[in-house]
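S.K.: After the structure tokens below, expect a handful of questions from me.
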Amino acid sequence: MASTDCLQLNKTAMFAKIRESLAAEKHLYTQNLVECKDDLLYCWDSKESSLLVLNWRATSTRGLDQIKYQTLVPSIPFSFEVERIVASNEGSLVALAGLKGLCIMEMPRRWGANGQYMDGKSRITCRSPLTGPFELAEERCIIKILLVNQQNFH
């Protein structure tokens, strides 16, 4: 049988952490959230309210053991359940959205040999200029808010 995990990402520490948190969670709508933008793979860890990030391209060239995932934490905590991750085209912003709220996280700079945030620092607090409970009627509203905020910040 052919494997669908050609990059062997299921063997990474990031996915082991996600599997651990899934056992404790009881969500009606979502079990796990994953977004891929360019060479970065974003996974939401609802147990710790953090965004886990892995440079999948670096893991394929340097090996799974060489590249560690990073934990990005919003600077302002929020209480709504995240149901969607949307990364901006440039990768400078990530929206964490749910039916009851929205959080825009500003991503730090990427540098270093592995193209990680802040040269591979394991835990990073990201500025969250827009966080709060909002009633979002449509999913398109999330993307519109993300685009408006991206123009304001850059």
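So that you can map any letter, position 14 of the sequence shown is 22 in the numbering used here, and since no number is skipped, the others follow by simple counting. For every residue, glycine included, the Cβ atom is placed at its ideal position computed from N, Cα and C. All values reported here derive from a predicted model rather than from experimental measurement.
(1) Does the pairing of the segment 45 to 61 with the segment 77 to 85 give three or more beta-carbon distances under 8 Å?
(2) Using only CA atoms, which one of Asn122, Ala121, Val102 and Asp46 lies nearest to proline 137?
(3) Should valine 42 go down as buried or exposed, given a rule of 16 or more other Cβ atoms within 10 Å for buried?
(4) Once DSSP output is grouped into helix, strand and coil, what is the label at aspartate 53?
(5) Starting from asparagine 63, follow its DSSP beta bridges and name the residues at the other end.
(6) For asparagine 28, does the count of other Cβ atoms within 10 angstroms reach 16, so buried, or fall short, so exposed?
(7) In or out: glutamine 74 buried (at least 16 other Cβ within 10 Å) or exposed?
(8) For lysine 19, is the classification buried or exposed, using 16 other Cβ atoms within 10 angstroms of its Cβ as the cut-off for buried?
(9) Go through its chain and collect everything with a Cβ distance to lysine 45's Cβ below 7 Å, but skip five positions before and after it.
M.R.: By the coordinates alone:
(1) yes
(2) For this step, residue 137 is matched to residue 129 along the sequence shown. Closest option to proline 137, Cα to Cα, is Val102.
(3) For the purposes of this step, residue 42 is identified with residue 34 of the sequence shown, where counting begins at 1. Exposed, since its Cβ has fewer than 16 Cβ neighbours within 10 Å.
(4) Translated into the one-based positions of the sequence shown, residue 53 becomes position 45. DSSP, read as helix, strand or coil, puts aspartate 53 in strand.
(5) Walking along the sequence shown from the start, residue 63 turns up at place 55. Looking at the DSSP assignment, asparagine 63 forms a beta bridge with Leu48.
(6) Taking the sequence shown and counting its residues from 1, the one referred to as residue 28 is at position 20. Going by the sequence as given, residue 28 is glutamate instead of asparagine. It is exposed - the Cβ of glutamate 28 has fewer than 16 other Cβ atoms within 10 Å.
(7) Counted from its first residue, the sequence shown places residue 74 at position 66. Burial call: exposed.
(8) Taking the sequence shown and counting its residues from 1, one reaches residue 19 at position 11. The residue is exposed, with fewer than 16 neighbouring Cβ atoms inside 10 Å.
(9) As a first step, residue 45 is located in the sequence shown; it is residue number 37 there, counting from the start. These residues qualify, in order along the chain: Ala95 and Gly99.
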